[in-house]
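Residue numbers (my numbering), protein chains in the order written: chain Y, -5 to 149; chain H, -5 to 149.
What follows is one structure encoded as structure tokens, with my remarks underneath.
There are 2 protein chains.
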Amino acid sequence: EEVLIRGVAHNADVAKVSLLGVPDQPGIAGSVFETLGTHSVNILLIVQAESHEGHNDISFLVSSEMLGQVREDLEALADKIGASKLLVDEGVGTVSVVGEGVQRESGIAGRMFSSLAREEINIDLISTSNLMISCVVAEDSLEQAVQAIHREFLE
Amino acid sequence: EEVLIRGVAHNADVAKVSLLGVPDQPGIAGSVFETLGTHSVNILLIVQAESHEGHNDISFLVSSEMLGQVREDLEALADKIGASKLLVDEGVGTVSVVGEGVQRESGIAGRMFSSLAREEINIDLISTSNLMISCVVAEDSLEQAVQAIHREFLE
Ligand SMILES: C[C@@H](O)[C@H](N)C(=O)O
Ligand SMILES: C[C@@H](O)[C@H](N)C(=O)O
């Protein structure tokens, strides 16, 4: 069953927030996002990968214009949950391949990631669902990233 | 604009594969998934979060029945890309909240994660898209996790 790639999406107006070294215990992730929920923060991506020695990192993207509003709250939140560090990076962007079942075929992810590699663009974060494979890359590389992925899938 | 939660999905027939300590350089992610692509491996989730000191971890889920077929290849792959460790965990499952725009509202993620926390279920991996928030938890906790999230959103 062939996967149809419907499009390539991208977003430059995002900022990455990473809470590093949070305790890997029930309630931590809930606390982070309930707090953000009270500020009606628009969240564009959440990734959490493998924990290490009782700690983990939680990364998420917010719209750039929203970052200013929540920055102080993020500092307080980082303290509250016991994060070892709060990292905020406004110089990022997302590029995504969209289509029904995209993540099923590992070949599609491979082609997407390799097309970025050929441009020497480093992949910062990766998040997928059945409809979309998203990569976070440096904002300065975003346009080049979008073109490379467009060439790979839509030409 | 209210987000409509359409459903709670889950999958117990998955195995987690994590490549730990891979070089954080262009081409690594491409190499992993192109290799898996040659084996027609069905990938159900890919997450990569923040890198540390020039290295990162890449985690993905494969269907349980497929794990046997690819296990040797995974060992070879881990060596090829210079991973410090290959971790395979068959005792996991996924639970997801599905609905248009779910990740936009941080409150929804907060409620989902907190409902797991109240059951003292630890969240292993998190991946989101505009349509779905997915958590990987221990397979032994999956049924309880699904019920808790169902109660939170659909009752
Ligand atoms: C790190 C964080 O996700 C934690 N494991 C939790 O369940 O909340
Ligand atoms: C770690 C891996 O994702 C690497 N940054 C790459 O671009 O392939």
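Positions of the beta carbon are idealized from the N, C-alpha and C atoms, including for glycine.
Between the options, which lies nearest to residue i when the distance is taken from Cα to Cα?
| i | options | result |
| --- | --- | --- |
| ILE117(H) | GLY1(Y), VAL26(Y), VAL35(Y), ALA9(Y) | VAL26(Y) |
| VAL11(H) | ILE143(H), LEU61(H), GLU44(H) | LEU61(H) |
| GLY76(H) | GLY1(H), ARG0(H), LEU14(H) | LEU14(H) |
| GLU83(Y) | VAL130(Y), LEU30(Y), GLU99(Y), PRO17(Y) | Checking the displayed sequence, the identity of residue 83(Y) turns out to be Asp instead of Glu. Ranking the options by Cα distance to ASP83(Y), first place goes to VAL130(Y). |
| LEU55(Y) | THR122(H), HIS144(H), ASP51(H) | THR122(H) |
| SER78(H) | SER58(H), LEU68(H), VAL86(H) | LEU68(H) |
| ASN36(Y) | GLN97(H), LEU136(H), SER109(H) | GLN97(H) |
| SER108(H) | ALA3(H), ASN124(H), ASN50(H), VAL140(H) | VAL140(H) |
| ASP18(H) | ILE115(Y), SER90(Y), VAL41(Y), GLN42(Y) | ILE115(Y) |
| ILE(-1)(Y) | LEU125(Y), VAL86(Y), ALA132(Y) | LEU125(Y) |
| PHE147(Y) | ALA132(Y), LEU136(Y), LEU110(Y) | LEU110(Y) |
Is residue i helix, strand or coil when you go by DSSP?
| i | result |
| --- | --- |
| VAL26(H) | helix |
| ALA77(Y) | coil |
| GLU59(H) | helix |
| ALA111(Y) | helix |
| ALA6(H) | strand |
| ILE120(H) | strand |
| ASP18(Y) | coil |
| VAL64(Y) | helix |
| GLY101(Y) | helix |
| ASP85(Y) | It should be pointed out that residue 85(Y) corresponds to Gly in this sequence rather than to Asp. GLY85(Y) falls in the strand class under three-state DSSP. |
| ILE(-1)(H) | coil |
| LEU136(Y) | helix |
| LEU71(Y) | helix |
| LEU13(H) | strand |
| LEU125(Y) | coil |
| HIS144(H) | helix |
Given that a residue counts as buried once 16 or more other Cβ atoms are within 10 Å of its Cβ, and exposed if not, what is residue i?
| i | result |
| --- | --- |
| HIS71(H) | A small correction: the amino acid at residue 71(H) is Leu; His does not occupy that position in the sequence shown. Per the 10 Å Cβ criterion, buried. |
| THR88(H) | buried |
| THR32(Y) | exposed |
| GLU44(H) | buried |
| GLU94(Y) | exposed |
| ARG145(Y) | exposed |
| GLY1(H) | exposed |
| SER156(H) | In the structure displayed, chain H extends from -5 to 149; residue 156(H) sits before or after that span and is not available. |
| ASP73(Y) | exposed |
Express the C-alpha separation of residue j and residue i in angstroms, rounding to a whole number.
| i | j | result |
| --- | --- | --- |
| ALA103(H) | GLY21(H) | 32 Å |
| ASN5(H) | ASP134(H) | 12 Å |
| GLN138(Y) | GLU149(H) | 46 Å |
| LEU80(H) | VAL64(H) | 13 Å |
| ILE52(Y) | VAL(-3)(Y) | 31 Å |
| ARG105(H) | GLY24(Y) | 7 Å |
| ARG112(Y) | VAL92(Y) | 21 Å |
| SER100(H) | LEU30(Y) | 6 Å |
| ALA3(H) | SER128(Y) | 21 Å |
| HIS46(H) | LEU38(Y) | 23 Å |
| GLU66(Y) | GLU59(Y) | 14 Å |
| HIS49(Y) | GLU28(H) | 30 Å |
| ILE143(Y) | ALA9(Y) | 22 Å |
| SER90(Y) | ASP7(Y) | 14 Å |
| GLN42(Y) | SER57(Y) | 19 Å |
| LEU119(H) | VAL16(H) | 18 Å |
| GLY151(Y) | LEU136(Y) | Coverage of chain Y is limited to positions -5 through 149, which leaves residue 151(Y) absent and any answer about it impossible. |
| ALA132(Y) | ILE40(H) | 20 Å |
Do residue i and ligand 3 come close, with the Cβ less than 7 Å from some heavy atom?
| i | result |
| --- | --- |
| ILE143(H) | Within the structure as shown, ligand 3 is missing, the only ligands being ligand 1 and ligand 2. |
Contact set, ligand 1 heavy atom to C-beta under 5 Å: ASP18(Y), PRO20(Y), ILE22(Y), ALA23(Y), ASN50(Y), ASN116(H), ILE117(H)
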